[in-house]
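Enquirer: Attaching a single structure in structure tokens format; questions to follow.
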Amino acid sequence: MDFWKELVPCQIGCPVHTDAGRYVQLIAEGRDREAYLTARSPNPFASVCGRVCAAPCEDRCRRGKIDAPVSIRALKRFVTEKYGVESMMPDTQQDLAAGAAEPGNKWPGHMSIQMLGGRERGKGRRVAVVGSGPAGLSCAHDLALMGYSVKVFEATGVAGGMLRHGIPEYRLMRSVIDKEIEQIRAMGVEIAYQTPLTPAFGIQDLRREGFDAVFISVGTSKGRDLPVEGSDLDGVIKAVDYLLNVNNGYRVEVGKRVVVIGGGFVAFDAARMALRGGAEEGGSLHEAVDVARLAVRTGASEVHIVSLESFSEMPVLRTAQGHEEFEEAKREGIVFHPQRGPRRILSAQGKVAGVEFRGVVRTYDDTGAFKPQYDDGLHEVLDADTVILAIGQRADLSFLRADDGITTTPGGFINVDPSTLATSAKGVFAGGDVAFGPRNIIDGVANGKRGALSIDEYFRGGRSEVVYDLSVEKIPTRRFTRPEDYEQEPREAPPTIDIGRRTGISEVESGYTEAQARRQAERCLSCHVQTIYDADKCVMCNRCVDVCPEYCLALVPVEQLALDAATKQSLVDHYALDPLRPMTAMIKDDDTCIRCGLCAVRCPTDAMTMEVFYYEQR
């Protein structure tokens, strides 16, 4: 089965195993409702992710090896705007909860698979979820699907965690968050607000209240300190505190000149927010982009992002989504200073006046470990009214007691089994940022779903045997068609509003139009469709090689292949070949194949065929 899974890299790349290729293909065919069901089935925050997901699926997209990846995240937004919680038809997903089977490859976390077990299996069991961020609410959502009684304990007066407190509203409207959460509450999930865990009310108290299992997902709400002179000055703000305050309606005066230290998404957003007025409204995803772009919107006229990393090492530029975010930040006037490390923060009359930097020769050593090397010969000073530190976050675990039996890592996170998310305490699980450090939203959702499955397995006495249903269907060549010029269509970023209108909470990005969505979806190479070669039917006419527009097929002597003796012998045995006679092999570069199907059309013996597969893991 691993072979079949790896054939669809976007699904493997998605932490919740969304069959992205399938829903993109459905959009290309105009089957938007089915596309939505496919996108929503594994992801209770599909509408949120359509706007702010870091889209690791795009980083695995095979089209990216040819020109640019498919705009998977933006296409998800296109179908959620039609059928998701923000649409005029928010009840569509109820079809999934009622047991409707969406198209595509399915994993245990997909709603249709979860429903097979029935809602009776969790009856009578109570589970406490601590924290209402994406991990906690995703865990609650899936447990509720399985019939468990779930109560979420939230420390603040609103649910959503960093979805609400960390992401600026110009990126994610609060109405979308509210509606996603309301859908989860409608499933029977109870949320207790203003109820934090403390040393006086902790894990043991939850057990005494009758909860049979606990999932901890309190996130990382504390910013990290910068160990340099002047870091305690008035005007030095931690990114997480800055985002929290702005996103909750508090005015944060940043002055006209802002320096953001960091190289991730959070820093970018904060900087962009500071450059615009409208500080009373607002609101991570990653640590640097968010801060910078937010600073753009809270009145600053000059915003700088300074990072230890070079542009090639900067976290935000390691992803397809990050590149588009980077370009938007540059359009908004944010200035970048890579390979600079803060030496000290300068003061005047007890307040921040600027930052003195030194050069950075390299950020990572030969093993890839974070180990900056500095160039003290380079000296640079940036004037600043405010310095925002977007250099990481840490967890607040003050609620843990010795009798809880929960161990922590040297980095200050909860120690868990990475495959089950089980802690060292029986019946207690943890996931999201509190277990792994700050991560993407979709990673938090995946952790919550994994936690729900692990809790269910815990009650049932262990994991069930993995069973797969696999179907493979040959596509007649007369029916296999591709859109005209699909291989030449360029990636198109989602539309954005004009620079002059980017104030306050004005949403910067809008969704694709119908025509744009169809064109972008048609770029998909349909990786679940495979060219299958039958050596017994092949007459080596070379027609498939001649017709291939990407030169990804070749007939070569076996002697030219770097095969070990055992592999070569297995070929001889399998095909009953004479090892003393010349042998020919058909080889294919699957990375460059565009699934045009011309090889199958040209083949005179039906040795080359187009076949589509579906699998379902139970």
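Be aware that the sequence shown starts at 15, since it is given in the working numbering, and climbs by one per residue. All C-beta atoms, glycine included, are put in the ideal place defined by N, C-alpha and C.
(1) Please check the pair Asp399 and Gly269, which I expect to be a contact at CB under 8 Å, by giving their CB distance rounded to whole angstroms.
(2) Which of helix, strand or coil does DSSP assign to Ala158?
(3) On a Cα-Cα basis, can you pick out the residue from Gln107, Gly118, Arg91 and Glu243 that is closest to Leu159?
(4) Give every residue of the same chain whose Cβ lies closer than 7 Å to the Cβ of Arg634, excluding the five residues on either side of it in the sequence, and list them in chain order.
(5) Return the residue from the list Lys79, Gly64 and Ile86 that minimises the CA-CA distance to Glu72.
(6) When burial is assigned at 16 or more other CB atoms within 10 Å of the CB, is Gly216 buried or exposed?
(7) Could you name the residues of the same chain whose beta carbon sits closer than 8 Å to that of Gly202, not counting the 5 residues immediately before and after it, in chain order?
(8) Would you mind working out which of Ile205, Asp605, Asp109 and Ser61 sits nearest Lys193, comparing C-alpha positions?
(9) Verify the CB distance criterion: does Ile41 have a CB-CB separation below 9 Å to chain B?
(10) Rounded to whole angstroms, what is the Cα-Cα separation between Gly391 and Gln353?
(11) By a C-beta neighbour count over all protein chains shown, 10 Å radius and 16 as the cutoff for buried, is Ile513 buried or exposed?
(12) Roughly how many whole angstroms lie between the Cα atoms of Asp397 and Arg271?
(13) Can you tell me which of Ala68, Asp226, Pro618 and Leu220 puts its alpha carbon nearest to the alpha carbon of Arg185?
(14) Would you mind working out which of Lys137, Glu134, Ala115 and Lys551 sits nearest Ile127, comparing C-alpha positions?
(15) Considering only C-alpha positions, which residue in the set Asp470, Asp499 and Tyr628 is nearest to Gly161?
(16) In whole angstroms, give me the CA-to-CA distance for Val480 and Arg265.
(17) By the 10 Å Cβ neighbour count, where 16 or more other Cβ atoms means buried, how is Gln25 classified, buried or exposed?
(18) Going by the C-beta, is Ser524 closer than 8 Å to any heavy atom of the ligand GDP?
(19) For Thr94, does the count of other Cβ atoms within 10 angstroms reach 16, so buried, or fall short, so exposed?
(20) Give a yes or no on whether the C-beta atoms belonging to Ile181 and Val349 are separated by under 9 Å.
(21) Once you ignore the five residues that flank Val553 on each side, which residues in its own chain have a CB closer than 7 Å to its CB?
(22) Measure the CB-CB distance between Ala111 and Leu220 and report whether it falls below 9 Å.
(23) Just how far apart, CA to CA, sit Leu299 and Glu346?
(24) Hey, quick one: how far does the beta strand (DSSP E) through Lys120 stretch, first residue to last?
(25) Relative to the C-alpha of Cys558, which candidate in Ala614, Gly35 and Tyr207 has its C-alpha closest?
(26) On the criterion of 16 or more Cβ atoms from any shown chain inside 10 Å, does Ala293 qualify as buried, or is it exposed?
(27) So which of Ala253, Glu267, Pro452 and Leu331 has the shortest CA-CA distance to Phe427?
(28) Please work out which residues of its chain come closer than 8 Å, Cβ to Cβ, to Gly136, disregarding the five sequence neighbours upstream and downstream, and give them in chain order.
(29) Excluding the 5 residues preceding and the 5 following Val38 in the sequence, name in chain order all residues of the same chain whose CB lies nearer than 7 Å to its CB.
(30) Nearest by alpha-carbon distance to Val273: which of Thr234, Gly237, Glu316 and Leu257 is it?
(31) Please go through the stretch 475-555 and give each complete beta strand (DSSP E) segment of 3 or more residues, from N-terminal end onward.
(32) Mind checking which residues open and close the beta strand (DSSP E) that includes Val164?
(33) Entirely within the stretch 58-124 and at least 4 residues each: give me those alpha helix (DSSP H) ranges in chain order.
(34) Rounded to whole angstroms, what's the CA-CA distance from Ala404 to Ser584? Just pull it up for me.
(35) What's the C-alpha gap between Leu569 and Gln407?
(36) Hey, quick one: how far does the beta strand (DSSP E) through Lys385 stretch, first residue to last?
Expert: Let me lay it out:
(1) Residue 399 sits at position 385 when you count from the first residue of the sequence shown. Residue 269 sits at position 255 when you count from the first residue of the sequence shown. Under the criterion of beta carbons closer than 8 Å, Asp399 and Gly269 qualify as touching, at roughly 3 Å.
(2) As a first step, residue 158 is located in the sequence shown; it is residue number 144 there, counting from the start. Helix.
(3) Counted from its first residue, the sequence shown places residue 159 at position 145. Among Gln107, Gly118, Arg91 and Glu243, the Cα nearest to that of Leu159 is on Gln107.
(4) Residue coverage of the chain in this structure runs from 15 to 632, which leaves residue 634 outside it and unanswerable.
(5) Translated into the one-based positions of the sequence shown, residue 72 becomes position 58. Considering only Lys79, Gly64 and Ile86, the residue with the shortest C-alpha distance to Glu72 is Ile86.
(6) In the sequence shown, residue 216 corresponds to position 202, counting from 1. By the neighbour-count rule (16 or more Cβ atoms within 10 Å), Gly216 is buried.
(7) If you number the sequence shown from 1, residue 202 lands on position 188. Closer than 8 Å at the Cβ level, and outside the excluded window around Gly202, lie Ala158, Ser163 and Val164.
(8) Within the sequence shown, the letter at position 179 stands for residue 193. Checking every option, the nearest Cα to that of Lys193 belongs to Ser61.
(9) Any reference to chain B falls outside this structure, which holds one protein chain only.
(10) What you label residue 391 is simply residue 377 of the sequence shown in a count that begins at 1. What you label residue 353 is simply residue 339 of the sequence shown in a count that begins at 1. One C-alpha to the other measures close to 13 Å.
(11) Here residue 513 refers to the residue found at position 499 of the sequence shown. Exposed is the call here.
(12) As a first step, residue 397 must be located in the sequence shown, where it is residue number 383. As a first step, residue 271 must be located in the sequence shown, where it is residue number 257. Rounded to whole angstroms, Asp397 and Arg271 show a C-alpha spacing of 7 Å.
(13) Sequence index remark: in the sequence shown, residue 185 carries index 171 (1-based). Looking at Ala68, Asp226, Pro618 and Leu220, the one whose alpha-carbon comes closest to that of Arg185 is Ala68.
(14) Sequence index remark: in the sequence shown, residue 127 carries index 113 (1-based). Measuring from the Cα of Ile127, the nearest candidate turns out to be Ala115.
(15) Stepping through the sequence shown from its first residue, residue 161 is reached at position 147. Selected option, being the one with the closest Cα: Asp470.
(16) The count along the sequence shown starts at 1 and reaches residue 480 at position 466. The count along the sequence shown starts at 1 and reaches residue 265 at position 251. Near 53 Å, if we compare the C-alpha coordinates of Arg265 and Val480.
(17) If you number the sequence shown from 1, residue 25 lands on position 11. A residue is called buried when at least 16 other Cβ atoms come within 10 angstroms of its Cβ; Gln25 meets this threshold and is buried.
(18) With respect to the ligand GDP, the structure offers nothing, as it holds no ligand at all.
(19) Against the sequence shown, residue 94 aligns to sequence position 80. Under a 10 Å Cβ-count criterion, Thr94 is classified as buried, with 16 or more other Cβ atoms of the shown protein chains found around its own Cβ.
(20) In the sequence shown, the residue the question calls residue 181 occupies position 167. In the sequence shown, the residue the question calls residue 349 occupies position 335. No, they are not a contact pair.
(21) Translated into the one-based positions of the sequence shown, residue 553 becomes position 539. Closer than 7 Å at Cβ, skipping near neighbours: Thr619.
(22) As a working note, residue 111 is residue 97 in the sequence shown. As a working note, residue 220 is residue 206 in the sequence shown. Cβ atoms of Ala111 and Leu220: not closer than 9 Å.
(23) Taking the sequence shown and counting its residues from 1, one reaches residue 299 at position 285. Taking the sequence shown and counting its residues from 1, one reaches residue 346 at position 332. Confidence in Leu299 is poor, its pLDDT being 30 and thus under 50, which makes the residue's placement unreliable; the coordinate value appears in the next sentence. Distance from the CA of Leu299 to the CA of Glu346, rounded to the nearest whole angstrom, comes to 19 Å.
(24) Mapped onto the sequence shown, residue 120 falls at position 106. Counting along the chain, Lys120 falls outside any beta strand (DSSP E), and DSSP gives it neither H nor E.
(25) Walking along the sequence shown from the start, residue 558 turns up at place 544. Nearest to Cys558 by C-alpha distance, out of Ala614, Gly35 and Tyr207, is Ala614.
(26) As a working mapping, residue 293 is identified with position 279 in the sequence shown. Note that Ala293 has pLDDT 32, beneath the 50 cutoff, so the model's placement of it is unreliable and no number is given.
(27) Here residue 427 is taken as the residue at index 413 of the sequence shown, counted from 1. Nearest option by C-alpha distance: Pro452.
(28) Translated into positions along the sequence shown, residue 136 becomes position 122. Leu157, Met160, Gly161, Tyr162, Ser163, Asp470 and Phe473, listed in sequence order.
(29) Numbered from its first residue, the sequence shown carries residue 38 at position 24. Apart from sequence neighbours up to five positions away, the residues of its chain that approach Val38 with a beta-carbon distance below 7 Å are Val84, Ile86, Leu89, Ala535 and Cys538, ordered along the chain.
(30) Working through the sequence shown from its first residue, we reach residue 273 at position 259. Of Thr234, Gly237, Glu316 and Leu257, the residue nearest in Cα terms is Glu316.
(31) The qualifying runs are 482-489 and 543-547.
(32) On the sequence shown, position 150 is the one that residue 164 refers to. In the DSSP annotation of this structure, the continuous segment of the beta strand (DSSP E) that includes Val164 starts and ends at Ser163 to Phe167.
(33) Uninterrupted alpha helix (DSSP H) stretches at least 4 residues long and entirely within the stretch 58-124 occur at 60-66, 70-74, 86-97 and 108-111, given in chain order.
(34) By one-based count along the sequence shown, residue 404 stands at place 390. By one-based count along the sequence shown, residue 584 stands at place 570. Within the model, the alpha-carbon separation for Ala404 versus Ser584 is close to 56 Å.
(35) The residue you call residue 569 lines up with position 555 of the sequence shown. The residue you call residue 407 lines up with position 393 of the sequence shown. Per the coordinates, the alpha-carbon of Leu569 lies some 54 Å from the alpha-carbon of Gln407.
(36) Indexing the sequence shown from 1 puts residue 385 at position 371. Under the DSSP assignment, Lys385 falls in the beta strand (DSSP E) whose first and last residues are Phe384 to Asp397.
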